[in-house]
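In our numbering, the protein residues as written are 21 to 204. Just so you know, even glycine gets a beta-carbon here, dropped at the ideal spot from N, CA and C. Reading through the structure tokens given below for one structure.
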């Protein structure tokens with residue numbers, strides 16, 4: 021990793037753009053009288069063919085935090101493929117019982133090399149706005165909005181059921197009992 025600190029360049033870049041130039045580590049190159057601001061980390065990569073250096077931003081990992089993928093590694097390379105066909109292929113690779121809703125539509129272009137099939141499934145579902153519900157040994161694939169609506173209706177039904185159930189008040193008369201003998 022290389023850090024370039026060219027004060028003349030830093031000053032001219034600030035004068036032209038009105039912004040602070042960044043170092044290769046994502047830190048602001050300070051010039052006199054300026055305020056420091058933390059920028060995203062950058063990695064400097066050197067191209068073997070030309071010998072030029074390019075600052076590439078470090079991509080933050082998002083999605084399923086802490087999830088461990090245990091599926092068999094597979095490679096999927098498709099251009100403008102139907103999502104239902106890709107899901108069918110993953111179901112065959114993984115020996116997974118999968119049902120795709122009629123609402124599952126669209127095309128996807130992907131290039132995944134040596135990726136566990138369960139991670140590939142999560143990525144494809146996330147990119148296409150889909151989600152899955154696992155019921156025993158069957159996975160249902162639906163749009164995320166549909167899943168959210170289903171969960172909301174289940175919660176509403178449970179809340180309504182609690183309101184509908186009758187409350188029972190029972191009075192038990194107690195005669196000739198001491199305070200220690202009676203407990204709730």
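For residue i, which option in the options has the closest C-alpha, if you only look at C-alpha atoms?
i	options	result
residue 140	157, 194, 103	103
residue 124	192, 169, 152, 91	152
residue 142	157, 110, 192, 165	110
residue 101	185, 126, 157, 202	126
residue 122	163, 190, 183	163
residue 145	185, 198, 108	108
residue 167	180, 150, 182, 200	150
Which whole-angstrom value is the C-beta distance of residue i and residue j, which I expect to be below 8 Å?
i	j	result
residue 95	residue 133	5 Å
residue 93	residue 147	At roughly 19 Å, the Cβ-Cβ gap does not stay under 8 Å, so residue 93 and residue 147 are not in contact.
residue 131	residue 97	5 Å
Thinking C-beta only, is residue j closer than 7 Å to residue i?
i	j	result
residue 129	residue 105	no
residue 161	residue 116	no
residue 119	residue 137	no
residue 191	residue 202	no
Return the bridge partner residues of residue i from the DSSP annotation.
i	result
residue 202	Paired residues: none, contrary to the question.
residue 162	151
residue 130	98
residue 118	159
residue 188	DSSP output for residue 188 lists no bridge partner at all.
Looking at chain D, is there any beta carbon in it that lies within less than 7 Å of the beta carbon of residue i?
i	result
residue 114	Annotation note: the requested chain D is absent from the structure, which comprises a single protein chain.
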